[in-house]
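Novice:
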Amino acid sequence: MLRAEDVSVSFAGGARVLDEVTLGLAAGRKTCVIGETGSGKSMLLLTILGLLGPGAAVSGRILMDGLDLLRLSPRELRKARKERLSYIPQGSGNGLNPLYTAGSQLTELIRFHREVPQGEAVSLAGSLLAQAGLDDPFRVMASYPFQLSGGMRQRVLAAMGLSGEAPILLVDEPTKGLDRARIDLMAALFRGIEGKSMLCVTHDLRFARQVADSVAVLYSSELIEEGSCGEFYSGPLHPYSRAMLAALPENGLKAEAGFAPPRSGKVAAGGCAFASRCREAVPRCLRGRPPLIAAGNRRVRCWKHAPEP
Amino acid sequence: MRVFPERPATRPAEGPAAWPGGPGDGDRKSFRRALAARLSRLGSKAAAAALTVFCIVSVNFALIRFMPGDPVTHIVGEDEYLMLEASSPETIEAIRAEYGLDGSLPAQFAAYLARTARLDFGSSYRTKGPVLDTALRRMKFTLLLAVPSTALAAVIGGALGLLAGWRKGGLADMTASPVMGLLQTVPANCLAIAFLLLFSFRLGAFPLGGITEGGLTGAEKALDILWHMALPAAVLTLLKCSSDYMLMKSVVASLRDEEYVLTAMSRGYSEWRILTGHVLKNALCPFITSLCMQFGYILSGSMLVEVVFSWPGMGMLVHESVAGKDFPMLQTCFLFMGACVVACNLLADALVLAIDPRVREGGIG
Amino acid sequence: MTGKLGLRPRIGAAILLALLLAAVFAPLVSPLDPYEFGIPYLEPSAAHLLGTNDVGQDILSELVYGARVSLIIGVTAAFAVTAAGAAVGLTSGYWGGKADVALMGLTNVFMSLPALPLTVVLVAYLGPGLRNVILAICLTAWTGTARVVRSRVLQLKELPFVKIEKTLGAGPLYVMFRHLLPNIGELVFVRGVLAVASAMLAEAGLSFLGLGTAGAKSWGSILHYAFFRGGLVNGCYWWYLPPMICISLSVTGFLLLSYVGERRGPAAPAAGAAKGRRADA
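Protein chains in written order, with this note's numbering: chain A, 12 to 320; chain B, 2 to 366; chain C, 193 to 473.
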């Protein structure tokens, strides 16, 4: 469906935000990309959408239905965005234009996708908002974004993302700024989406577990682990993933000893990016950067899982 | 369309007719609340405007009072005063009494305020006629010059700035930025002189100055005025254009990274649609505010331009009055110009109120 | 700030340095006494590099001495204006509350006063002269700096290091001078540089209207005489062009210098450039 191959992104001045990320999204499946702030996960979405701006140098390929998204003309890119991709930004940010009502933005989008009269677009919008779990859709439609709560904005944005026929959803941090109960509601909403592939970026491990079919972990601009949701949560391979999962409340809030905060800047050029924080690091980890190593159906970027030479 | 199968699509009973809702949408209470919020906002702005006008009047009062010498000198003029002093000192005393200059300071101030409220600004030293008539007529000419220039500059500078801010390093940016940057460094009178030299002296395409040849009527007169207006208006437009351009460019450049603009792009909307539909409206608020706030600058600029082109506006009047030490006229001109700027600021507030729902519904601002 | 200046501030500094040297060493630099009468309307020649005016004064010498007056007025007014504006902005932003309301009300009132007309009226009353011109320019020009500084202080006030200092019991003056002032230093410097440019423009406008420094030569007054005493009609380009160029050049110099925050080398990408929330725009 959608496949990123060796995608690297860096900005003029040397800041590298993605480093040879290879990631696939199967038709009808939901993948959550997990990572801490600054790991480059939101950049991945913007790269797919071609929204990085002129300052970014992008290499690699992003394949969708045989097209390489990174090599489309602006016109083809617009067509791809309109017909194939659908982006759902954070509800906590200002993904909605502050000067228009939620309703007018939703109906504009609906009428962009199909030629319907305004009245019909309005009723379609109302039913979409109701499906997205908003109790009083027509009041929400008459409201300006600043009059809505973060959760409501997130639902409006979700409804907008689902208003077209695009088969691929790209979702950015849908849980940001929400409390636990609302995150669970949001998870139910996204879990219930059928017939679309979804790439969702989040730092919320619990949300990812509720929503995803498969999970990918980004650490310091690199993909370090990828696998099915069940396998990942029952037995994470990478020390970083293990440390993250161990720190979850249901796993006893075990903050692993030796899990030091990252040093500033890029550590140990040539070595594993996580080596400086890793309890299990061996000399080899500092010398060479591990490749993505297949482990069953999963892949992990850690020397421990490398076959003995 | 069936993306959430477990949740039936409920449609409210009233259907789409209940939308599109304006403020409150049939809900009287919230509508009234919104209206009250708007009015109180506008009211507080109007109060601030009134305060500003009051300050201008006070400055005027203070100027006569605290100037060295007898205040009557500044009312009748120096020559007249010396003459009266010699011939009939009782006339001076009569004037002093008439203007309340023999009372206490607060009483004088009250008398001054009362006269100002009646729009009685006294008579000019030079023409001996009432100041008000002259000032109003000259104000009209200044506005004839300044308003179209401001509007034209806002449209041209705004449009170019919009394009240049959207595509940094694009065609609009690369061509307009150096020109506009250069214009920023040229004083109004220098540009005016350069235009006068080039188009009037060298090419002879435009008149040397003034507003009309006289003796014309109807459409001919209007055309003649337009012909005389062309150069001063062009100078003002160009100068204002450059600051409007810089402003719009920086506003749009900062909006470009806003999440809703990225989101709009992710939807596959055309750039034109994003620019005119989503970016422009958001850029308008800071743009309009600054535009109206800077009306004072255009009055300043127009003063110099008027002098160069002998355009009989307010600026020219001030220039003449300074030369003739015509203090009543100067004060009135200053008051009128100040009132214009204040009115423009109020207009900006009203426009922003109309555009931005966050300000309108009493959210922020 | 040293050694890493971008191209634009370097050019600006070079222009201004040349002007400053000419102004300081005017008696050495200028070929003749600018007040000495001679043969009027002379075209540029070896004796008078830029010709003479209607009373035969050497225009190049006028320009060199004019740089003194223009720079003195510009720099003095800018210094006063920036100091006053920064003080108001700092106080208003840091204390907030009633002081903020009062000071910002005052600022808004002064902002609404049309600058050049007020200056003209003031100078007309006070009489021309260096001091009065500076005073009149200062009266309205401080408002912009006050607002900019205030909004920066409002941002800084919310930063942890300031909050921590306050929690630890640091007095307001200590926090203002020790922590806030260094952080708004560059901003204030830039505002100051821009203030010089606008004060010079204001002086040029006033002098052009015949309200400048009585007697002393400034670029605006040279232009005044060139315009009102027939320089234009007689086509004496050497009379009216040089002061115009000098004014524009020095304004350009100050504008370029105001890009002092711009460093050499590739523009910093700022983490999350695509998300693009630059802390200061």
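Positions of the beta carbon are idealized from the N, C-alpha and C atoms, including for glycine.
Going by DSSP, what residues sit across from P131/B in a beta bridge?
Specialist: S124/B
Novice: Let's see if you can read the secondary structure: which residues bound the alpha helix (DSSP H) around E307/B?
Specialist: 296-310
Novice: What residues in its chain sit with their C-beta under 8 Å from that of R309/A, if we drop five residues either side in the sequence?
Specialist: E236, E237, G238, S239, E242, F243, L248
Novice: Nearest to A292/A by CA position, among A198/A, A305/A, R312/A, A306/A, is which residue?
Specialist: R312/A
Novice: So with CB distances below 7 Å, who are the chain E contacts of F122/B?
Specialist: The chain inventory of the structure shown lacks chain E, comprising the protein chains A, B and C.
Novice: List the residues of chain C that F335/B touches, going by C-beta distances under 9 Å, in chain order.
Specialist: L305, P306, P309, L310, V312, V313
Novice: Determine the closest residue to L137/B out of D103/B, C191/B, M315/B, with distance taken between C-alpha atoms.
Specialist: M315/B
Novice: Near M368/C, which residues of its chain fall below 8 Å by C-beta distance, leaving aside the five closest residues on each side in sequence?
Specialist: L282, Y286
Novice: Here's the rule I'm using: 16 or more other beta-carbon atoms within 10 Å means buried, otherwise exposed. How should L318/B be labelled?
Specialist: buried
Novice: Please name the residue in S19/A, S208/A, I59/A, V228/A whose C-alpha comes closest to that of H214/A.
Specialist: Of the residues S19/A, S208/A, I59/A, V228/A, the one whose Cα lies closest to the Cα of H214/A is V228/A.
Novice: Let me know the beta strand (DSSP E) ranges lying completely inside the region 66-146 of chain A, each 3 residues or longer, listed in chain order.
Specialist: 67-75, 96-99
Novice: Does chain C have any CB closer than 9 Å to the CB of V308/B?
Specialist: yes
Novice: Nearest by alpha-carbon distance to A177/A: which of I204/A, L140/A, P65/A, V212/A is it?
Specialist: I204/A
Novice: Give a yes or no on contact between the region 287-299 of chain B and the region 240-253 of chain B, applying the rule of three or more CB pairs nearer than 8 Å.
Specialist: yes
Novice: Which residue's Cα is closest to the Cα of V273/C: I326/C, T444/C, A418/C?
Specialist: I326/C
Novice: Helix, strand or coil for F22/A? Go by DSSP, reduced to three states.
Specialist: strand
Novice: Closest to L303/A by C-alpha separation, out of I179/A, L34/A, G25/A, would be which residue?
Specialist: When each option's Cα is compared against that of L303/A, the closest is L34/A.
Novice: Does S150/B come out as helix, strand or coil in the three-state DSSP assignment?
Specialist: Three-state result, S150/B: helix.
Novice: What does DSSP give as the partner residues of I194/A in its beta bridges?
Specialist: Beta-bridge analysis with DSSP links I194/A to no other residue.
Novice: Between which two residues does the alpha helix (DSSP H) carrying T92/B extend?
Specialist: 90-99
Novice: Under 9 Å Cβ-Cβ, which residues of chain B neighbour A210/C?
Specialist: Against chain B, the beta carbon of A210/C has no neighbour under 9 Å; the closest one sits roughly 16 Å away.
Novice: Could you tell me whether the Cβ of P6/B comes closer than 9 Å to any Cβ of chain A?
Specialist: Caution applies to P6/B, whose pLDDT of 42 falls short of 50 and renders its modelled position unreliable; the model cannot decide the point.
Novice: Alpha carbon to alpha carbon, what distance is there between M294/B and N300/C?
Specialist: Spanning the two alpha carbons is a distance of roughly 10 Å.
Novice: Could you check what DSSP says for V212/A in three-state terms: helix, strand or coil?
Specialist: strand
Novice: Which class does Y233/C belong to by DSSP, given the choice of helix, strand or coil?
Specialist: Y233/C falls in the coil class under three-state DSSP.
Novice: Between the alpha carbons of L372/C and Q347/C, how many angstroms are there, rounded?
Specialist: 10 Å
Novice: Quick one: what's got a C-beta closer than 7 Å to F110/B's C-beta in the same chain, skipping five residues either side?
Specialist: F62
Novice: Is there contact between the region 253-265 of chain B and the region 70-88 of chain A, where contact requires at least three CB pairs shorter than 8 Å?
Specialist: Because the criterion of three Cβ pairs below 8 Å is not met, the region 253-265 of chain B and the region 70-88 of chain A do not touch.
Novice: Within a Cβ cutoff of 6 Å, which residues of the same chain sit near M303/C, ignoring the five residues on either side of it in sequence?
Specialist: T335
Novice: Taking contact to mean at least 3 C-beta pairs separated by less than 8 Å, is the region 14-22 of chain A in contact with the region 71-79 of chain A?
Specialist: yes
Novice: For the ligand FMN, is there a heavy atom less than 8 Å away from the beta-carbon of A272/C?
Specialist: In terms of ligand content, the structure shown is empty, and the ligand FMN therefore cannot be addressed.
Novice: For the 8 Å Cβ check, are there 3 or more pairs between the region 90-110 of chain A and the region 282-290 of chain B?
Specialist: yes
Novice: Going along chain C, which residues have a C-beta under 7 Å from M68/B?
Specialist: Y317
Novice: Tell me, please, whether the CB atom of L255/C is closer than 9 Å to any CB atom in chain B?
Specialist: no
Novice: Could you name the residues that DSSP lists as bridge partners for R14/A?
Specialist: G35/A, L74/A
Novice: With 9 Å set as the bound, which would you pick, yes or no: does the beta-carbon of S150/B sit closer than that to a beta-carbon of chain C?
Specialist: no
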